[in-house]
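Report on one structure; see the data block that follows.
Okay, structure coming up:
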């Protein structure tokens, strides 16, 4: 789960990570009022979308009066921003954040995420702030300073010094950086974050450091104990079908193709997409319906797939282990009675009682159903259908 | 021979009295696994599925001398259960539970590093030594005995792979599902090393997926240390960047953890990488 910049900054404030004063707004009037509350001669109006790279896409405006804030807000709200993180379809701006502008003398990058190899958090700092950090990481790896943090001991003073010297900070700046980094680590640990990125981390003319931007993602597995974070969830930033699938314990990701896929298990689901592509087709989605694959899950899965009007055929690929294939076959037949299925459905069932299952499907005489004996045949059949 | 578990393994089940625990423990016993008891705090002294239930792992271990614990405890409490097993002296913990917070697993990892206990999983199907012992949730009949070691991050894809191994005329020595989470116990490298040393295992099938760099580390290890033929498959060639594909760990972060980089690393290490999941059995035939 991800949150907006203004929400991340609310969290930062409670953990003493320095941020500029600011307010969030959803109308030009609210934005103007927000500016009036900020005693400043310059204001920054920032589009709140779950993606970085807003500046380049016109999602950040610096203006000099509350009236201009109003106008900038009017222009920005409802606009679609396309950045390197939104994908080509972009994201619509529904919320804004209005901040007092600051006198910035330097920009850095600071982030924390999980180092999977070490199974510990890693803090990353770079002098290359304010730019696409992905590019820095790829092209100039040496410009990223890393501190792997043992969770038993926390962030150590020597690690802070190493990063601060690496960033070229002065003694006074280093003090501020130490407090900043320690507070940021607390934000990460206490909130079950999966990622925090501050880009840029701004150096002010009085040597203080502030989080000029803030991006936060959370460990979905820990949301059960992060009630305040869950309340920050903005469903309008999510693909509605993915949210719907999640409610039923299924995992769905929309793709651009026309072959809908329904599979039990994440690894097999990915492999099913891959083999469709390999055979010359384009998968429309990833859908893992979980291990069970009952009549209800199959019916719900069908509905979810058919939400996507691009889907021209569906491939159901189930490996029946402890849940027998004959039961799954009956589940599929029941599902076809509850959901109107306008496209052909290729079904491949393997595992326990696979032969009985094939017979059940063949004898059902449901015109949409096409049985396949294995993964290869199933993929070939479904690709053949969409191509003809 | 086999790796890690065999017909002599004594197993306790943490969460035995729960719905999942009961169902799968019964399935394991039907397969022939020697389940010697269970642990459910507050239900000590009861008998469940004909096995004694204990309040703590320590009591269960003292009474049964179990060497493996199979964990079905819900995600909010699972990390605690793993550490309890380690503290009691259980040598191998197989954790099936899906959805354990990453932070909890960070602490578990630190705890296990300072103990003699090893872990398979979490978020995995478990481990099976064909016709001897099943400690997990996989359909046992798929894993016909033979000389192929199987290591996988996935559940149903593991069954798919095992099924193809059998249809290709081979069988399984031991199959291990290492799990699809970002933090897991035994890695590909640990198990490749065990299969290399196991005289019963002639070749190894390794099933990976997008996310992290465990497969790339495994490729380096195979090049330097593995003499047996290795066949691999990597799932997620069509997965988009930045999207979690079911498993918590299956996500391409930035441009890291893609299927293509893993496939080329494995190919460079001399591994026969199957083009599709349907060709795992065929690739194994080619390699042997």
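Protein chains in written order, with this note's numbering: chain A, 5 to 392; chain B, 28 to 315. A virtual CB, placed ideally from N, CA and C, is assigned to each residue, including glycine.
Would you kindly check if the distance between the Cβ of residue j and the Cβ of residue i is under 9 Å?
| i | j | result |
| --- | --- | --- |
| residue 180 of chain A | residue 213 of chain A | yes |
| residue 199 of chain B | residue 155 of chain B | yes |
| residue 219 of chain A | residue 199 of chain A | yes |
| residue 270 of chain A | residue 288 of chain A | no |
| residue 255 of chain B | residue 285 of chain B | no |
| residue 304 of chain B | residue 278 of chain A | yes |
| residue 52 of chain B | residue 66 of chain B | no |
| residue 293 of chain B | residue 257 of chain B | yes |
| residue 128 of chain B | residue 225 of chain A | yes |
| residue 208 of chain B | residue 263 of chain B | no |
| residue 138 of chain A | residue 88 of chain A | yes |
| residue 102 of chain A | residue 27 of chain A | yes |
| residue 126 of chain A | residue 151 of chain A | yes |
| residue 187 of chain A | residue 19 of chain A | yes |
| residue 328 of chain A | residue 355 of chain A | yes |
| residue 412 of chain A | residue 222 of chain A | Residue 412 of chain A lies beyond the range of chain A shown here (5 to 392); nothing can be said about it. |
| residue 121 of chain B | residue 163 of chain B | yes |
| residue 81 of chain A | residue 95 of chain A | no |
| residue 364 of chain A | residue 191 of chain A | no |
| residue 108 of chain A | residue 209 of chain A | yes |
Would you identify the three-state DSSP class for residue i, choosing helix, strand or coil?
| i | result |
| --- | --- |
| residue 96 of chain B | strand |
| residue 35 of chain B | coil |
| residue 382 of chain A | helix |
| residue 6 of chain A | strand |
| residue 54 of chain A | coil |
| residue 225 of chain B | coil |
| residue 184 of chain B | helix |
| residue 122 of chain B | strand |
| residue 181 of chain A | helix |
| residue 99 of chain A | coil |
| residue 391 of chain A | helix |
| residue 114 of chain A | strand |
| residue 165 of chain A | helix |
| residue 364 of chain A | helix |
| residue 45 of chain A | coil |
| residue 133 of chain B | helix |
| residue 351 of chain A | strand |
| residue 102 of chain B | helix |
| residue 1 of chain A | Residue numbering for chain A in the displayed model covers 5 to 392; residue 1 of chain A lies beyond these limits and cannot be assessed. |
| residue 107 of chain A | coil |
| residue 371 of chain A | coil |
| residue 137 of chain A | helix |
| residue 110 of chain B | helix |
| residue 25 of chain A | coil |
Once you ignore the five residues that flank residue i on each side, which residues in its own chain have a CB closer than 6 Å to its CB?
| i | result |
| --- | --- |
| residue 296 of chain B | 246, 249, 250 |
| residue 125 of chain B | 150 |
| residue 279 of chain B | 237, 268, 285 |
| residue 58 of chain B | 161, 167 |
| residue 249 of chain A | 256, 308 |
Give the C-beta separation of residue i and residue j to the nearest angstrom, bearing in mind that I take them to be a contact with Cβ-Cβ under 8 Å.
| i | j | result |
| --- | --- | --- |
| residue 37 of chain B | residue 92 of chain B | 6 Å |
| residue 373 of chain A | residue 361 of chain A | Not a contact, Cβ separation roughly 12 Å. |
| residue 106 of chain A | residue 206 of chain A | 7 Å |
| residue 133 of chain B | residue 123 of chain A | 6 Å |
| residue 212 of chain B | residue 146 of chain B | 3 Å |
| residue 95 of chain B | residue 177 of chain B | Not confirmed; about 19 Å, so no contact. |
| residue 189 of chain A | residue 148 of chain A | The pair is not a contact, with the Cβ atoms about 17 Å apart (cut-off 8 Å). |
| residue 152 of chain B | residue 182 of chain B | 5 Å |
Cutting at 7 Å between CB atoms, please list the residues of its own chain near residue i, excluding the five before and the five after it.
| i | result |
| --- | --- |
| residue 170 of chain B | 155, 157, 189, 199, 202 |
| residue 289 of chain B | 235, 242, 243, 261 |
| residue 273 of chain A | 265, 267, 290, 291, 292 |
| residue 2 of chain A | For residue 2 of chain A there is no data in the structure shown, the boundaries of chain A being 5 and 392. |
| residue 138 of chain B | 110, 113 |
| residue 194 of chain B | 308 |
| residue 186 of chain B | 165, 166, 169 |
| residue 368 of chain A | 337 |
Excluding sequence positions up to five away, which residues of its chain have a Cβ less than 8 Å from the Cβ of residue i?
| i | result |
| --- | --- |
| residue 64 of chain A | 48, 49, 50, 51, 58 |
| residue 234 of chain A | 5, 227 |
| residue 219 of chain B | 178, 231, 233, 245, 248, 249, 252, 253, 257 |
Practice problem: For the region 241–272 of chain B, list the beta strand (DSSP E) runs that are entirely contained and at least 3 residues long, ordered along the chain. | Solution: 257–262
Practice problem: Only counting runs of 3 or more residues, tell me where the beta strand (DSSP E) segments fall wholly within the region 258–336 of chain A, in order along the chain. | Solution: For the region 258–336 of chain A, whole beta strand (DSSP E) runs of length 3 or above, ordered along the chain, are 263–267, 289–292, 317–324.
Quiz item: Curious, which full-length alpha helix (DSSP H) runs of at least 4 residues does the region 63–92 of chain B contain?
Solution: 84–91
Exercise. Output the residue ranges of the alpha helix (DSSP H) runs that lie fully inside the region 177–239 of chain A and measure 4 residues or longer, sorted by chain position.
Key: 231–234
Quiz prompt | Uninterrupted alpha helix (DSSP H) stretches inside the region 145–203 of chain B (no shorter than 4 residues) | solution = 183–194
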